[in-house]
Every structure is written in structure tokens, then in C-alpha cells.
Amino acid sequence: MAGKISNTPATYTPSPTSQDKKRPSIFTGSDWVRPDGRGLHQCRPAFLRTSAVNSASGSAYAEFGNAKVIVSVFGPRESKKAMMYSDIGRLNCNVSYTSFATPIRGQASDSKDLSSMLHKALEGAIILESFPKTTVDVFALVLESGGSDLPVVISCASLALADAGIMLYDMVASVSMSCLGKNLVIDPVSEEESYQDGGLMITCMPSRNEVTQMTVTGEWSTPKIHEAMQLCLDACSKLGKIMRSCLKETVSATQE
Amino acid sequence: MATTNGSNDLSSEMEVDAFRRLFPLRFHERHLLESIRPDGRPLGRARDTTISLGAVASANGSALAKIGCTTMLAAVKLEVMTPKAESPDEGCIAIDFHMPPICSPLVRPGRPAEAAPVITKQLTDTILSSGMIDLKELSLVSGKAAWMAYLDIYCLDADGALFDAALLSAVAAFSHLQIPVVSLNDDGRIVLISEENSGAMWEKEPVNKEKRKLKLESVPFSLTCLLHKNYILADPSDEEESIMETFLTVVLDSSFQLVSLNKPGGPGLAHTSAIQDCVGINKTESERTSEDIG
Amino acid sequence: MVGLSLGEKNFIKGGIAQDIRTDGRKRLTYRPIFVETGVIPQASGSARVKMGATDVIASVKAELGKPNASHPDKGKVSIYVDCSPTAEPTFEGRGGEELSMELSTALQRCLLGGKSGAGAGIDLSSLSIVEGKVCWDIYIDGLVVSSDGNLLDALGAAIKAALSNTAVPKVQVAANASLDEQPEVDVSDEEFQQFDTTGVPVIITLTKVGRHYIVDATAEEESQMSSAVSISVNRQGRICGLTKRGGAGLDPSIILDMISVAKHVSEQLINKLDSEIAAAEACEEE
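Keeping their order, the protein sequence lines are chains A, B and C.
Going by this note's numbering, the first residue of the first sequence is number 224, and it counts up by one from there.
Going by this note's numbering, the first residue of the second sequence is number 688, and it counts up by one from there.
Going by this note's numbering, the first residue of the third sequence is number 261, and it counts up by one from there.
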């Protein structure tokens with residue numbers, strides 16, 4: 224009976240009968256109505272928890288709407304044998320998706336790209352000098368994709384790093400924004416991301432007011448970038464406060 | 688080692704944590720003499736178990752199972768396939784067990800854990816041979832279409848007894864599985880009927896009348912025991928597993944019939960009486976766990 | 261990696277602070293750009309761009325394909341960059357892979373616009389032949405032959421030159437095709453259509469060294485960077501993409517300042533590139 228697994232036949236996910244996958248025609252002036260009923264500049268409620276994985280040095284779980292992510296941090300531990308001597312520490316990042324994370328099985332985005340983006344977003348915030356010759360591994364698993372996956376992974380990873388006691392200049396908070404016609408919507412869900420004309424993602428250290436990573440796609444005018452950056456930075460500092468209070472909660476809970 | 692005598696083994700001279708790290712085997716054996724384990728459990732007691740259903744919205748059925756710190760997330764996704772010629776009215780189940788790098792310091796990206804394919808095979812054998820799921824229930828149109836259930840289990844935190852937790856989460860995910868309402872369209876493809884447009888689509892006879900759940904005939908329950916000298920330790924933690932290496936996994940179904948028995952080598956040999964003891968512990972623990980979960 | 265002594269490092273940093281770089285350039289001056297088109301005869305279009313010791317080749321290949329179900333009225337463009345092991349010792353084996361991927365993603369982000377296809381440098385709807393049935397698939401391959409910093413800008417320029425060198429054959433569609441069948445197409449081997457590259461942006465990487473930022477950094481200067489931002493700007497002065505290339509954090513106001521500097525530099529670069537491309541095309545025709 225075990226043979227059932229081998230030579231699995233080609234399968235498909237049944238699609239809904241109504242094929243109204245077309246972009247809603249909101250571009251004729253009226254405002255975009257968000258699928259989850261949020262305001263344009265309103266973020267999804269964030270649920271954060273540290274120490275989700277016992278066997279890791281530090282870990283965090285984040286849930287933003289449907290986007291659910293776990294990040295584990297291991298180390299600082301011995302670098303791979305092949306690595307050359309380095310007087311500053313190394314950061315190694317990896318992002319992967321579960322096979323059921325997306326509506327259609329195994330249709331996750333390129334995790335290699337996400338891994339390098341995560342690396343770049345974090346490296347500016349970690350005091351690498353504090354663990355010479357060793358490596359800190361940051362591994363993320365997206366349990367369920369719900370839009371703005373990368374910003375959620377980044378924020379969650381920074382919380383996990385703090386939980387692991389890795390020295391940071393500041394927490395890293397990340398927020399993305401979609402441009403849909405003339406509207407700017409913050410913290411987009413998957414559906415909005417698939418229609419978007421342009422996207423902007425900012426990763427920043429709120430208390431130092433420094434941007435560690437920023438990407439823009441699509442065509443933007445300068446005033447629009449100004450506006451979007453400001454909205455994202457405001458949201459980042461709010462998210463940073465939530466992350467801080469989450470860490471404080473954990474500490475006060477362990478002290479009791 | 689200068690001293691081998693139990694009462695004279697430095698344990699009184701150094702701190703507990705140091706002793707635990709330097710002489711792990713003796714540390715555990717000292718506990719076993721007192722019939723207690725480092726986490727305070729009696730030898731035959733499994734850790735507390737929790738299950739939460741519906742953890743992942745993008746799957747048709749999902750469950751999160753925790754045994755102590757060991758955490759498993761299982762999700763079932765249904766896809767449509769053409770059944771095989773020899774079994775035209777049966778669906779199919781494909782099971783995959785993953786150990787992503789987040790679950791343990793020993794797993795690195797790009798190098799999959801050795802244990803994962805072993806557990807995948809064990810799970811597949813157990814679930815398919817236990818008769819828990821009647822594959823005919825997954826049929827849609829005989830010879831044309833049937834459900835292919837992809838069961839993916841992710842280990843989120845590895846702290847021993849991985850197979851037990853994986854099987855528990857798999858069973859829970861199947862119990863949460865909802866088979867959607869679908870119909871056959873003109874092109875011979877299966878399409879979903881969503882609730883809002885069901886009125887318009889009613890002229891087409893749906894293949895599934897309503898959302899339904901799978902009937903689970905009998906539910907397998909697994910318990911792994913560690914055999915060390917004359918001791919039997921139920922539901923070992925990761926630390927215990929790494930120190931003492933003889934395992935015996937017993938899987939019983941709801942009417943306590945033996946589904947599978949697995950002793951994958953190891954330095955110790957198992958007495959028949961030890962096997963019987965393990966079966967006995969499985970019975971008591973499965974009752975306790977089902978009370979736990981309710 | 262460039263092995264620099266402390267004195268050399270200070271010399272580079274000090275020079276940048278005083279607006280005279282080691283090769284005599286100012287902070288916002290490019291190295292001379294050499295463009296050569298039609299370097300690969302088998303490709304539909306190709307170009308080689310040299311900026312100092314940085315040397316890259318881009319080739320464009322057009323093939324008939326089937327559009328994606330999600331965008332039936334659009335063609336497909338894929339961009340892939342390869343770093344030749346001859347360019348730098350560290351690229352040997354799998355060493356160049358990470359950089360290749362980073363460059364490919366950055367180019368895709370800068371040239372292909374948003375998910376809906378709006379703001380793309382290459383107009384994807386112009387690649388459609390029969391809606392939902394046939395379209396052009398454009399494969400853009402970049403090759404780094406020699407590396408001396410500023411690879412992304414050079415690749416962006418090479419792709420722009422290669423695209424303007426690209427001629428796509430005219431296609432006749434048989435009119436009698438029914439709805440379900442794949443229509444028959446006839447690819448002309450005489451009539452060609454020039455590719456419209458007016459919308460293709462240029463990429464400007466601003467490398468921050470000390471308190472100042474410079475364009476077109478050499479490998480030596482790049483080794484001293486604290487962070488870098490790549491901005492792609494089109495002819496209308498609109499931003500088509502932006503990536504920050506790791507390193508330390510930047511104040512948001514500095515990023516905005518960098519954007520305005522990039523816009524200013526882009527005008528000169530676009531004009532410079534246009535004239536170089538025109539000269540190269542003329543040279544090739546002779």
C-alpha cells in the first residue's frame with residue numbers, strides 16, 4: 224500500500240466556478256475597498272510571541288492577518304569549516320515556505336531571493352563585532368502566506384534575534400505598501416499584491432531613524448515616494464513599539 | 688575514568704548542570720534509580736499533549752499538535768486526480784514529513800535531516816495500513832476524478848518522540864478535514880462551488896452534496912518508549928533520545944489492536960516482557976491523552 | 261576582495277571627501293562609457309558596455325511562446341545574469357552565484373515594473389501577438405566579463421543598448437484560426453520591427469563612502485562603502501525601481517536626497533548613453 228506514493232498522477236486544484244479574477248475596476252476615481260475591510264492606511268493587527276521554538280537559541284512567532292511565520296535563531300555557533308577566518312561574526316539567513324502556505328500547493332515565491340533580502344535587511348542592525356569567528360543562523364518558515372510575507376519575516380526575525388540575546392543596534396521593523404492606481408495601501412494582503420502597480424518596502428530601525436533596507440518596484444513620482452515612505456516609517460515606529468512591548472512581556476513573565 | 692562506582696562519581700562535588708553535561712548517562716541513571724526523570728515525570732508517563740485544529744486557513748484541514756515541547760503542524764490539501772485504472776473509485780493519500788531548519792540546531796538548510804524520510808515512510812505505512820481512512824470516500828466520479836489528499840507535516844520544534852507527535856497531528860488534521868462542494872463542469876474538470884454563487888450553479892448537479900468530513904474508522908495512537916537496561920521510559924525527550932538509543936514504537940488503534948510495532952535496531956535488545964509492558968503503557972497513555980484532548 | 265592597506269583606504273576616503281577621487285574624477289562623474297552593439301550575431305540583439313575595467317555583455321533573444329494565463333495580453337521577459345569566473349577569482353565554482361542572483365533580481369525589479377505590469381521599462385503588451393495564444397518571450401542574458409565595480413549600472417546600460425539593437429521579426433497570423441486552436445503564425449525573415457526602448461530606464465548606483473556618495477564606484481571604492489542604493493530612473497524622471505544594497509542603515513532624508521541626485525545624474529547618463537548607442541549602431545552599419 225505504501226506504493227501509492229510513488230508515481231503520483233498529475234493533480235490540480237479545483238478552481239472556483241466564477242472566474243472573476245479580473246482587477247476590480249476601482250481605477251475610475253473612487254477609492255479602493257480593501258478585501259478585509261481595513262482603511263487604506265491601516266495595518267493588520269499584529270500578534271507576536273517570542274520563544275516559540277524550545278530547541279533554538281531564540282525564536283519568535285508572528286501573525287499578521289493570515290500571514291503566519293516562525294523564525295528560529297541558532298548561535299552564535301561555530302562557522303562552517305570551509306569559511307575563512309573573520310574578525311567579525313557572520314549572519315546566515317534562510318527563508319522557506321511550507322507546501323500548504325499558498326492557495327495552490329507548492330506555488331511559493333522564490334525563497335532564495337527572500338533569504339538574501341532578509342540578510343540585507345538584518346545585517347545593518349546586528350553588531351557583528353560582538354561575536355567574532357562565529358555564525359548566527361536565522362531560519363524562517365512561512366506557515367501560511369497572507370501578503371507582505373517578507374516584511375513579516377523581517378520583523379519576526381528581529382524579534383527572534385533579540386530573544387536569542389544577539390546584540391542589536393535596534394529592533395528592525397518592516398512594512399510594505401502597494402500602489403493601486405492612485406491609492407496607496409499599507410500592509411497589503413496577497414490579493415492586493417497581485418494587482419499592484421507598484422510596491423515599496425521599508426525596513427528600518429525606529430529609534431535610530433535609519434533605513435536598513437528599501438525596495439521600490441513600478442513607476443513612482445518623487446512626491447508619491449515621499450508620501451509612501453512617510454506612511455511606512457510611521458507604521459514601522461508603531462510596529463517597533465509593539466515588538467518592544469512583546470519583548471518586555473516575555474521578560475517580566477520569566478521574572479515572576 | 689578514575690571512578691566508576693556509582694556512589695563515588697563526583698556527583699556530590701560538582702554543580703548539577705555541569706554534571707548533566709559532562710556525564711549525561713550517569714546523570715540519567717541516577718534519576719532512573721529513583722524512578723523519576725529529569726523533568727519530574729515518572730518513567731511510564733508521557734508528556735502533556737495539546738491539539739489545536741484549523742491552524743492554517745489555506746489548507747482544507749489542519750492541526751497543530753504538541754507533546755511537551757515537540758510541535759507538529761499538519762495540513763491536508765485536496766487536489767483532483769484521475770484515479771488509477773486498477774482502483775477507479777479510490778482516492779489517494781500522499782504523506783510527506785518535513786524537518787525545516789527552524790526545528791532543531793542539527794538541521795541546516797540544503798541538507799535535509801536524515802530522520803525525515805524515515806518518518807515519512809513510517810507514517811505512510813501506519814496511516815494506510817491502519818484502515819483509518821477508507822480511500823473510497825475520496826472518490827468523486829468513478830474512473831474520472833478522485834481526491835488526492837496531500838498531507839504535509841512540518842516539525843516546528845523537535846524535542847523527542849517525533850513520530851508520535853507527527854502521527855497525532857496527522858490524525859487530527861484528517862479529523863478537521865472538510866471536503867468542499869464541487870461539481871463536474873462541461874470540460875470534465877472539477878470546479879468548486881462557492882456559497883455565494885451556489886444558487887446560479889444549482890442546475891449542475893454537485894458531486895458532493897455538502898461540505899462533509901471524512902469518516903475516521905479507527906484512530907491509531909503511537910507511543911515511543913526508550914529501553915535502557917531494565918527501565919522503560921515512555922515518550923522520551925530529545926536529550927533522553929540522544930543518550931539512550933534503543934527505541935520501541937508501538938501503535939495501537941482505538942480498540943487496542945496492534946497496528947505496528949517498530950524497534951529500529953539500537954544497542955539494546957528488547958525482551959518479550961518489555962514489549963508487552965510497552966503495549967500496556969500505550970493503552971493507559973492513549974486513554975489519558977484522549978481525556979486530555981477531550 | 262581588494263586587499264588595501266590602511267593608507268590606501270584613507271587615501272580613497274579622503275579623496276572622496278575632497279571631491280577628487282583616486283582616478284581624478286569628481287564624486288558624480290562617470291568613467292568613460294564605451295558601447296559596442298551587435299557583438300553576438302546569433303542573438304536578436306546584443307551589446308557590450310565597458311566602464312573602465314568593468315566589462316559586461318548583454319544579449320537579447322526573442323522566441324515565440326504562450327502567454328501566462330494570468331496575463332493573456334502580455335508577453336514575457338526574463339532576465340538572467342551570469343558572472344564569468346574570469347571576471348574575478350571569487351566567482352569561481354559557485355562563488356558568483358549569489359551575486360548573479362542579486363544582480364538578476366535587481367534588474368528585474370528595475371526593468372519589469374509592478375506586478376500588474378504598470379511602469380515597466382519594457383512594454384509587455386507590445387509583445388503580445390494573439391491575445392492568450394501567442395506572444396514573444398524575451399530572454400535577456402547578461403554576462404560579466406570583467407569586474408571593476410558598478411556592475412549593476414553597466415548591466416542596465418548594456419541591456420538598454422542590446423534592446424535598442426534588437427529587431428523582432430514581423431509576424432503574420434493566419435486569419436482562419438478558430439477559437440480553440442493554436443493559431444498558425446508566419447514569422448517573416450525579411451521584415452523586422454525595431455524595439456521601442458524609449459521607456460527603458462537607466463540604473464544609477466550611489467555608493468556611500470564616509471559622509472558622501474559617489475556614482476560609478478570602482479571595486480576599490482566599493483570595498484570602502486558603508487551602503488549603496490541603486491535607483492532606476494526613466495526619461496520622464498520617474499523612479500522605476502529602487503534597491504538598497506545592504507550595509508549600514510541610512511537616514512530616510514538621505515535616501516530622499518539620493519533619489520533627487522540620481523534624477524539629476526540620470527538626465528546626463530541617458531543622453532550620454534543615447535549618443536553612444538547611436539554611434540555604435542552607426543559604426544556597426546558601416
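Ideal Cβ placement from N, Cα and C applies to all residues, glycine included.
#### Entry: Any chain A beta carbon closer than 9 angstroms to residue 889/B
With a pLDDT of only 49 at residue 889/B, under 50, the local geometry of the prediction cannot be trusted, and the value read off the model is given with reservation. Chain A contact via Cβ: absent.
### Query
Do you know whose CA, among 974/B, 757/B, 707/B, 732/B, lies nearest residue 851/B's CA?
757/B
### Query
At a CB-CB cut-off below 7 angstroms, which residues of chain A make contact with residue 498/C?
442, 443, 444
### Ordered list of alpha helix (DSSP H) runs contained in the stretch 479-527 of chain C, each at least 4 residues
479-482
### Message
If distances are taken between C-alpha atoms only, which option among 273/C, 466/C, 289/C, 542/C comes closest to residue 520/C?
### Response
466/C
### Task
At 3 residues or longer, and completely inside the stretch 300-352 of chain C: list those beta strand (DSSP E) runs for me, N to C.
305-311, 314-325, 336-343
### Query
So is residue 289/A in contact with chain C if we call contact Cβ pairs under 9 angstroms?
no
### Task
Flag this pair as touching only if the stretch 902-917 of chain B and the stretch 866-881 of chain B have three or more C-beta atom pairs under 8 angstroms; answer yes or no.
no
### Query
In the DSSP assignment, what residue or residues form a beta bridge with residue 829/B?
Residue 829/B is not bridged to any residue.
### Query
For the 8 angstroms Cβ check, are there 3 or more pairs between the stretch 424-433 of chain C and the stretch 452-466 of chain C?
yes
### Query
Closest to residue 753/B by CA distance: which of 740/B, 837/B, 745/B is it?
740/B
#### Entry: Contact residues within the stretch 408-436 of chain A, judged by C-beta distance below 9 angstroms to chain C
416, 417, 418, 419, 420, 421, 422, 423, 425, 426, 427, 428, 431, 432, 433, 434, 435, 436
### Query
If you follow the alpha helix (DSSP H) that residue 713/B is part of, which residue opens it and which one closes it?
711-720
### Task
With 9 angstroms as the threshold, decide whether the Cβ of residue 341/A is near any Cβ in chain B.
False, the Cβ-Cβ gap to chain B never drops below 9 angstroms.
### Task
Anything in the stretch 297-323 of chain A with a Cβ closer than 8 angstroms to a Cβ of chain B? List those residues in chain order, please.
Contact annotation: in the stretch 297-323 of chain A, residues whose CB is within less than 8 angstroms of a CB in chain B are 297, 300, 317, 319, 321, 322, 323.
### Task
Specify whether the stretch 825-841 of chain B and the stretch 322-331 of chain A touch according to this definition: at least 3 beta carbon pairs, one from each stretch, less than 8 angstroms apart.
yes
### Message
On the DSSP bridge list, what partners appear for residue 422/A?
### Response
401/A, 440/A
#### Entry: Cβ contact (3+ pairs, closer than 8 angstroms) linking the stretch 799-814 of chain B and the stretch 711-729 of chain B
no
### Task
Grab me the residues of residue 361/C's own chain with a C-beta within less than 6 angstroms of its C-beta, minus the 5 sequence neighbours each way, in chain order.
none
### Message
My output table needs one value for residue 361/A: the three-state DSSP class, helix, strand or coil.
### Response
strand
### Query
Straight-line CA distance for residue 325/C to residue 457/C?
21 angstroms
### Query
In the structure shown, what three-state DSSP assignment does residue 739/B receive?
strand
### Task
Would you list, in chain order, the members of the stretch 351-381 of chain A that have their beta-carbon closer than 9 angstroms to a beta-carbon of chain B?
360, 362, 363, 364, 366, 367, 368, 369
### Query
Do the stretch 377-394 of chain A and the stretch 291-307 of chain A touch if we need at least three Cβ pairs shorter than 8 angstroms?
yes
### Message
Rounded to the nearest angstrom, what separates residue 801/B and residue 290/C at their Cα positions?
### Response
Their Cα atoms are separated by approximately 53 angstroms.
### Query
Count the other CB atoms within 10 Å of the CB of residue 972/B; is the residue buried (16 or more) or exposed (fewer)?
buried
### Query
the stretch 263-274 of chain C: which residues have C-beta closer than 8 angstroms to a C-beta of chain A, in chain order?
none
### Coil, strand or helix - residue 454/C by DSSP
strand
### Message
Under 8 angstroms, CB to CB, which of the residues in the stretch 907-936 of chain B have a partner in chain A?
### Response
925
### Message
Just to confirm the assignment, what range does the beta strand (DSSP E) spanning residue 452/A have?
### Response
Where residue 452/A is concerned, there is no enclosing beta strand (DSSP E), although the alpha helix (DSSP H) around it starts and stops at 445-478.
#### Entry: Buried versus exposed call for residue 405/A [16 or more other C-beta atoms within 10 Å across all chains shown]
exposed
### DSSP state of residue 901/B mapped onto helix, strand, coil
The answer is coil: DSSP assigns residue 901/B none of H, G, I, E or B.
### Task
Pull up the distance between the alpha-carbon of residue 866/B and that of residue 763/B, whole angstroms please.
Distance between the alpha carbons of residue 866/B and residue 763/B: 10 angstroms.
### Buried versus exposed call for residue 843/B [16 or more other C-beta atoms within 10 Å across all chains shown]
In the assembly as shown, residue 843/B is a buried residue. Its beta-carbon has 16 or more other beta-carbons within 10 Å.
### Query
So is residue 256/A buried or exposed if we call it buried at 16+ other beta carbons inside 10 Å?
That one is exposed.
### Query
Using a C-beta cutoff of 9 angstroms, does residue 237/A count as contacting chain B?
For residue 237/A, the answer is yes, since a Cβ of chain B falls inside 9 angstroms of its Cβ.
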